[in-house]
Amino acid sequence: MSSTDPYARVAAAYDAELDHAEGDVAGYASRGEGGPLLVLGAGTGRVSGRLAEVRPVTGLDRSADMLARARARGPASVRYVQADMTDFDLGPFAEVIAPNAAFAFLPNRAARAACLACCRRALSKGGPLTLDLLVPSTLVGDAHVPERLAWEGVADGRPTRRLREVFREPVAQRIRLVDRFWVDDTLYAESVLLLHVFSRDEVEWMLEANGFYVDEVLGDHRGGPLREGSDRLLVRGRPL
Ligand SMILES: C[S@@+](CC[C@H](N)C(=O)[O-])C[C@H]1O[C@@H](n2cnc3c(N)ncnc32)[C@H](O)[C@@H]1O
Numbered sequence: 296m297s298s299t300d301p302y303a304r305v306a307a308a309y310d311a312e313l314d315h316a317e318g319d320v321a322g323y324a325s326r327g328e329g330g331p332l333l334v335l336g337a338g339t340g341r342v343s344g345r346l347a348e349v350r351p352v353t354g355l356d357r358s359a360d361m362l363a364r365a366r367a368r369g370p371a372s373v374r375y376v377q378a379d380m381t382d383f384d385l386g387p388f389a390e391v392i393a394p395n396a397a398f399a400f401l402p403n404r405a406a407r408a409a410c411l412a413c414c415r416r417a418l419s420k421g422g423p424l425t426l427d428l429l430v431p432s433t434l435v436g437d438a439h440v441p442e443r444l445a446w447e448g449v450a451d452g453r454p455t456r457r458l459r460e461v462f463r464e465p466v467a468q469r470i471r472l473v474d475r476f477w478v479d480d481t482l483y484a485e486s487v488l489l490l491h492v493f494s495r496d497e498v499e500w501m502l503e504a505n506g507f508y509v510d511e512v513l514g515d516h517r518g519g520p521l522r523e524g525s526d527r528l529l530v531r532g533r534p535l
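Residue numbers are given in the numbering used here: position 205 of the sequence shown equals residue 500, and the series is strictly consecutive.
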């Protein structure tokens, strides 16, 4: 999987940059329903590791490099599974979440429908699925934003910089993020992330067309409503 995995080789930097992000973890903890939880696109275990303190957690991701990091982080009680979120048969779970835009990586309708079918099967007891997505305003702005410094820090003890170049494709509803990682002042890796940007209406239609009803739409992890200026599009569905 590594050759097509945009996170291959950059898991340490991802972890160093995002490990401290707590807002979404607190939101999932306070609104979670308890019982076994499946985290789709679990990555380095940032969310799953913390939620495992209060409930049984399984983390699924296709990236071997991200999962290696997650397993090393622990706790050992989290079960990590290397799989594609469009093709898994796990469960049953009380709840499924896809944090930090993991669902937005799915490239087309067929992949999204396949993932939702797997989620329905995994949620055989009727629990919720929460998708954390980019807001539509992500597509507003220059079509091309030249490379600029996005993060600087220390990853695995080495000085690391992430430079990001952005390409907006509003007709395709897609954003292409080209991240170049410099370690010890040497270009170390390039990672290209292609993310679909959903509208609220589109997510609701998608869920309804795939056997879910929508019971909550939020604009942030503190429970605020979706409005102009919201920073996330959080949609929770339940199997019909
Ligand atoms: C932005 S990261 C989010 C990681 C983690 N959820 C977090 O919040 O820190 C997106 C993750 O989704 C995973 N991913 C993307 N497409 C996937 C797919 N089709 N199946 C499984 N994992 C996928 C990537 O490997 C990556 O670890």
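Even for Gly, the Cβ is constructed at its ideal location relative to N, Cα and C.
Beta-bridge pairing of residue i - partner residues as DSSP gives them
{"i": "Y309", "result": "In DSSP, Y309 forms no bridge with anything."}
{"i": "D474", "result": "R459, S486"}
{"i": "T481", "result": "V478"}
{"i": "Y508", "result": "R533"}
{"i": "L335", "result": "L355"}
{"i": "A582", "result": "Given that the chain is displayed from residue 296 to residue 535, the structure contains no residue 582 and the question cannot be resolved."}
{"i": "R345", "result": "Answer is none; R345 lacks a bridge partner."}
{"i": "R469", "result": "E464, H491"}
{"i": "R443", "result": "R459"}
{"i": "V391", "result": "L333, L424"}
{"i": "L528", "result": "L428"}
Proximity winner among the options, relative to residue i (alpha-carbon distances)
{"i": "L529", "options": "A311, D300, Y323", "result": "Y323"}
{"i": "V466", "options": "M501, V435, C413", "result": "V435"}
{"i": "V352", "options": "S343, A359, S358, D360", "result": "S343"}
{"i": "P534", "options": "F507, R527, D526", "result": "F507"}
{"i": "G514", "options": "V492, L429, S358", "result": "L429"}
{"i": "F398", "options": "L490, P520, R456, R517", "result": "L490"}
{"i": "A378", "options": "A409, S358, G422, T433", "result": "S358"}
{"i": "A371", "options": "R527, R345, L444, Y302", "result": "R345"}
{"i": "V492", "options": "V478, E328, R463", "result": "R463"}
{"i": "H315", "options": "A412, G448, A303", "result": "G448"}
{"i": "D360", "options": "D496, D300, V498, V509", "result": "D300"}
{"i": "V305", "options": "A396, A363, G327, E328", "result": "A363"}
{"i": "V512", "options": "V498, A504, G524, N505", "result": "V498"}
{"i": "A409", "options": "N505, G532, T455, E523", "result": "N505"}
{"i": "I470", "options": "D382, G330, F400, Y483", "result": "F400"}
Delimiting residues of the beta strand (DSSP E) encompassing residue i
{"i": "R374", "result": "374–377"}
{"i": "D314", "result": "Looking at the DSSP string, D314 is not in any beta strand (DSSP E), and its letter there is neither H nor E."}
Residue i, enclosing alpha helix (DSSP H) - first and last residue
{"i": "V430", "result": "Counting along the chain, V430 falls outside any alpha helix (DSSP H), and DSSP gives it neither H nor E."}
{"i": "D360", "result": "359–368"}
{"i": "R407", "result": "404–417"}
{"i": "L385", "result": "Where L385 is concerned, there is no enclosing alpha helix (DSSP H), given that its DSSP letter is neither H nor E."}
{"i": "R517", "result": "Premise fails: R517 is in no alpha helix (DSSP H) and is neither H nor E."}
{"i": "Y323", "result": "318–326"}
Cβ distance (whole Å) where residue i is taken to contact residue j below 8 angstroms
{"i": "A389", "j": "G336", "result": "Actually they are not in contact, since the Cβ atoms of A389 and G336 sit about 19 angstroms apart, beyond 8 angstroms."}
{"i": "P402", "j": "S494", "result": "In fact, because the Cβ distance is near 17 angstroms, the residues do not count as touching under 8 angstroms."}
{"i": "R475", "j": "L458", "result": "5 angstroms"}
{"i": "R366", "j": "G386", "result": "About 21 angstroms; that fails the 8 angstroms criterion."}
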